[in-house]
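Here the protein sequences line up with chains A and B, keeping their order. First residue of the first sequence: 1, per this note's numbering; consecutive thereafter. First residue of the second sequence: 194, per this note's numbering; consecutive thereafter. Just so you know, even glycine gets a beta-carbon here, dropped at the ideal spot from N, CA and C. A short worksheet on the structure shown next.
Protein chains: 2
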Amino acid sequence: MSVVELLKEKIRQEGRVISDDVLKVDSFLNHQIDPVLMLKVGEEFARRFAGSAITKVLTVEASGIAVALMTGLSLKVPVVFAKKKQPSTMDGETYCGRVRSFTKEEVIDIVVAGSYLGPEDRVLIIDDFLASGEAARGLLKIITQAGATLVGVGTVIEKVFQTGGEALRDQGIRVESLVQIGSLAGGQIEFLN
Amino acid sequence: MSVVELLKEKIRQEGRVISDDVLKVDSFLNHQIDPVLMLKVGEEFARRFAGSAITKVLTVEASGIAVALMTGLSLKVPVVFAKKKQPSTMDGETYCGRVRSFTKEEVIDIVVAGSYLGPEDRVLIIDDFLASGEAARGLLKIITQAGATLVGVGTVIEKVFQTGGEALRDQGIRVESLVQIGSLAGGQIEFLN
């Protein structure tokens with residue numbers, strides 16, 4: 001079974017529709033994590049972005065780390081995760097973006113140390129969900145500040161009805177989502193792929 | 194070269210002593226991550242805890258996730274990461290612990306959804322650092338609430354002079370640290386192993 005079909009089966013069996021906007025899949029993706037499935041997901045992103053000469057995988061803590069790590073393992077490149085609060089041990093130059101969190105109803109600043117992204121980098125953004133596109137936009141701002149090049153965005157589940165993916169594609173950004181969901185209305189998960 | 198020697202070499206080359214208490218290794222462990230090295234670390238923990246019939250790997254977001262994920266991959270068991278703030282999508286029963294963060298100078302509550310730990314679970318706690326032992330104690334509280342069994346604690350770097358490891362071992366808990374540091378005084382990293 002392909003990783004896309006595996007993911008859809010998991011979502012059908014374990015996903016819970018919390019509202020018309022929120023799908024909870026924390027049994028395997030972002031609270032409890034299925035590492036073997038995550039490795040397959042990472043391998044699939046590596047396959048899709050093969051030949052793009054990626055030098056770094058970039059994500060934001062905490063939900064994106066597992067998927068990003070397995071993608072970095074498959075591509076054999078380092079993974080950088082943007083932090084949500086500047087720790088006291090982070091000194092020197094930093095790059096910052098601002099993200100509105102959909103499920104936590106807050107605005108947060110995300111930050112990457114200047115040492116870990118630079119003009120020579122070709123960056124793949126990886127995250128668990130793509131909804132409004134807020135996280136990707138924050139990370140894109142960080143990539144721009146670093147003078148690096150964005151190769152594309154990979155996401156496990158795209159909630160297409162929240163139009164973040166559409167906005168990114170309209171900017172000419174390559175977006176690869178393994179599972180596309182068209183609607184969660186009435187508690188029903190409508191897959192588009 | 195063994196994974197312990199690889200880690201020590203990385204720490205010698207890239208580690209920065211920020212103060213007598215703080216060693217910064219965010220070039221490969223907890224901001225930028227080296228996924229291939231993390232896989233080796235995960236395999237080493239799986240080797241050391243082989244035969245312990247572990248059913249879950251438990252860590253706390255965000256720095257512990259990479260190491261925990263690779264340990265879960267090697268052991269072929271799910272990974273659960275405690276969240277630092279209860280998201281609006283987390284309903285139902287939860288287990289909670291309280292952790293004082295050393296580098297961020299704050300007290301935070303960590304939480305695990307009730308569905309992902311239970312009396313049948315044999316749990317391995319994994320984290321990047323073991324210093325005062327605050328995170329491990331918070332996670333241990335969660336394991337106790339769930340009625341689960343703690344198998345042991347695995348950490349990449351133990352700052353032995355901060356005595357968290359000693360306190361855990363005094364409770365009869367098995368602690369495996371890949372690299373043990375005896376002192377950071379005067380900007381010098383003193384390895385004990």
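Could you spell out where the alpha helix (DSSP H) holding Thr264(B) opens and where it closes?
Locating residue 264(B) in the second sequence gives position 71, where the first residue counts as 1. Thr264(B) -> alpha helix (DSSP H) spans 258-268.
Buried/exposed call for Ser220(B), threshold 16 Cβ in 10 Å
Taking the first residue of the second sequence as position 1, residue 220(B) is located at position 27. So Ser220(B) counts as buried.
Report whether the distance from the Cβ of Asn223(B) to the nearest heavy atom of the ligand FAD is below 7 Å.
Of ligands this structure carries none, so the ligand FAD is not represented either.
Whole angstroms is fine: what's the gap from Ala360(B)'s alpha carbon to Val250(B)'s?
Walking along the second sequence from the start, residue 360(B) turns up at place 167. Walking along the second sequence from the start, residue 250(B) turns up at place 57. If I take the Cα positions, the gap works out to 21 Å.
First through last residue of the beta strand (DSSP E) which encompasses Phe49(A):
As a working mapping, residue 49(A) is identified with position 49 in the first sequence. Run containing Phe49(A): none; DSSP gives neither H nor E here.
Does the CB of Val7(A) have a neighbour CB from chain B at under 8 Å?
Sequence index remark: in the first sequence, residue 7(A) carries index 7 (1-based). Per the sequence shown, the amino acid found at residue 7(A) is Leu instead of Val. False, the Cβ-Cβ gap to chain B never drops below 8 Å.
Under 9 Å Cβ-Cβ, which residues of chain B neighbour Glu61(A)?
Counting from 1 along the first sequence, the entry for residue 61(A) is found at position 61. Residues of chain B passing the Cβ test: Glu254, Ala255, Ser256, Ile258.
Through-space distance from Val156(A) to Leu29(A), alpha-carbon basis:
Taking the first sequence and counting its residues from 1, the one referred to as residue 29(A) is at position 29. Taking the first sequence and counting its residues from 1, the one referred to as residue 156(A) is at position 156. For Leu29(A) and Val156(A), the distance between alpha carbons rounds to 9 Å.
Apart from the five residues on each side of it in sequence, which residues of its chain come closer than 8 Å, Cβ to Cβ, to Arg12(A)?
Here residue 12(A) corresponds to residue number 12 of the first sequence, with the count starting at 1. Cβ neighbours of Arg12(A) beyond the five flanking positions: Ile189.
Grab me the residues of Gln162(A)'s own chain with a C-beta within less than 6 Å of its C-beta, minus the 5 sequence neighbours each way, in chain order.
For the purposes of this step, residue 162(A) is taken as the residue at position 162 of the first sequence. Excluding sequence neighbours, Gln162(A) sits near Ala131, Ser132.
Could you tell me which uninterrupted beta strand (DSSP E) segments, each at least 3 residues in length, are contained entirely in the region 341-383 of chain B, listed from first to last along the chain?
342-352, 368-376
Nonlocal neighbours in the same chain, by C-beta distance under 7 Å from Leu139(A), ignoring five residues either side
Along the first sequence, one-based indexing puts residue 139(A) at 139. Taken in chain order, the residues that qualify are Leu58, Val60, Ala82, Gly97, Ile125.
Identify, in the order they occur along the chain, each residue of the same chain with its Cβ nearer than 7 Å to the Cβ of Val210(B), setting aside the five sequence neighbours on each side.
Sequence index remark: in the second sequence, residue 210(B) carries index 17 (1-based). Taken in chain order, the residues that qualify are Leu216, Leu377, Gly380, Ile382.
Can you confirm whether Gly345(B), when its beta carbon is compared against all beta carbons of chain A, has any partner nearer than 8 Å?
Within the second sequence, numbered from 1, the residue matching residue 345(B) stands at position 152. By this cut-off, Gly345(B) is not an interface position.
I'd like to know whether the C-beta atoms of Arg122(A) and Ile54(A) end up nearer to each other than 8 Å.
Here residue 122(A) refers to the residue found at position 122 of the first sequence. Here residue 54(A) refers to the residue found at position 54 of the first sequence. Closer than 8 Å, so yes.
Between Lys234(B) and chain A, is any beta-carbon pair separated by less than 8 Å?
As a working mapping, residue 234(B) is identified with position 41 in the second sequence. Here residue 234(B) turns out to be Val, not Lys, going by the sequence shown. For Val234(B), the answer is no, since every Cβ of chain A falls outside 8 Å of its Cβ.
Can you tell me the Cα-Cα spacing of Lys334(B) and Val292(B), whole angstroms?
On the second sequence, residue 334(B) is found 141 positions in, with the first residue counted as 1. On the second sequence, residue 292(B) is found 99 positions in, with the first residue counted as 1. So the alpha carbons of these two residues sit roughly 10 Å apart.
Since Asp227(B) meets chain A, which of its residues come closer than 7 Å, beta carbon to beta carbon?
Position 34 of the second sequence, counted from the first residue, corresponds to residue 227(B). Per Cβ cutoff of 7 Å: Pro78.
Comparing C-alpha positions only, which one of Val270(B), Lys277(B), Met263(B) sits nearest to Ala62(A)?
In the first sequence, counting from the first residue as 1, residue 62(A) sits at position 62. Cα-wise, what sits closest to Ala62(A) is Lys277(B).
Report the start-end ranges of each alpha helix (DSSP H) in the region 293-317 of chain B that is 4 residues or longer and not cut off at the edges.
none
Should Lys83(A) be flagged as near chain B, meaning a C-beta pair shorter than 8 Å?
Working through the first sequence from its first residue, we reach residue 83(A) at position 83. Cβ-Cβ to chain B under 8 Å: yes for Lys83(A).
Thr59(A): first and last residue of the uninterrupted beta strand (DSSP E) it sits in:
The residue given as residue 59(A) occupies position 59 in the first sequence. It spans 56-60 - the beta strand (DSSP E) in which Thr59(A) sits, taken as one unbroken run.
What number of angstroms, rounded off, separates the C-alpha of Lys159(A) from the C-alpha of Gly182(A)?
Position 159 of the first sequence holds residue 159(A). Position 182 of the first sequence holds residue 182(A). Distance between the alpha carbons of Lys159(A) and Gly182(A) is about 6 Å.
Under a three-way DSSP split, which group does Lys278(B) fall into?
If you number the second sequence from 1, residue 278(B) lands on position 85. It is coil, neither helix nor strand.
Across which residues does DSSP place Lys3(A) in a beta bridge pair?
For the purposes of this step, residue 3(A) is taken as residue 3 along the first sequence, with counting starting at 1. The sequence shown places Val at residue 3(A), rather than the Lys named in the question. DSSP, once it has assigned bridges, lists no residue as partnering Val3(A).
Per DSSP, which one or two residues make a beta bridge with Lys141(A)?
Residue 141(A) sits at position 141 when you count from the first residue of the first sequence. Residue pairing of Lys141(A) in beta bridges, as defined by DSSP: absent, with no partner found.
Within 10 angstroms of the Cβ of Val107(A), are there 16 or more other Cβ atoms? Answer buried if so, exposed if not.
In the first sequence, counting from the first residue as 1, residue 107(A) sits at position 107. So Val107(A) ends up on the exposed side.
Could you check if Thr144(A) is buried or exposed, using at least 16 other CB atoms within 10 Å of its CB as the buried criterion?
Here the question's residue 144(A) lines up with position 144 in the first sequence. The residue in question, Thr144(A), is exposed, as its Cβ has fewer than 16 Cβ neighbours within 10 Å.
Using the three-state DSSP reduction, which class does Leu323(B) fall into: helix, strand or coil?
For the purposes of this step, residue 323(B) is identified with residue 130 of the second sequence, where counting begins at 1. In this structure, Leu323(B) counts as strand in the three-state DSSP scheme.
Taking 8 Å as the CB-CB limit, is Gly265(B) close to chain A?
Counting from one through the second sequence, the residue named residue 265(B) turns up at place 72. True, the Cβ-Cβ gap to chain A drops below 8 Å.
From the DSSP output, in three-state form, read off Gly285(B) for me.
Residue mapping note: residue 285(B) aligns to position 92 of the second sequence, counting from 1. Correct three-state label for Gly285(B): coil.
What do you reckon, are the CB atoms on Leu69(A) and Val77(A) nearer than 8 Å?
Here residue 69(A) corresponds to residue number 69 of the first sequence, with the count starting at 1. Here residue 77(A) corresponds to residue number 77 of the first sequence, with the count starting at 1. Not closer than 8 Å, so no.
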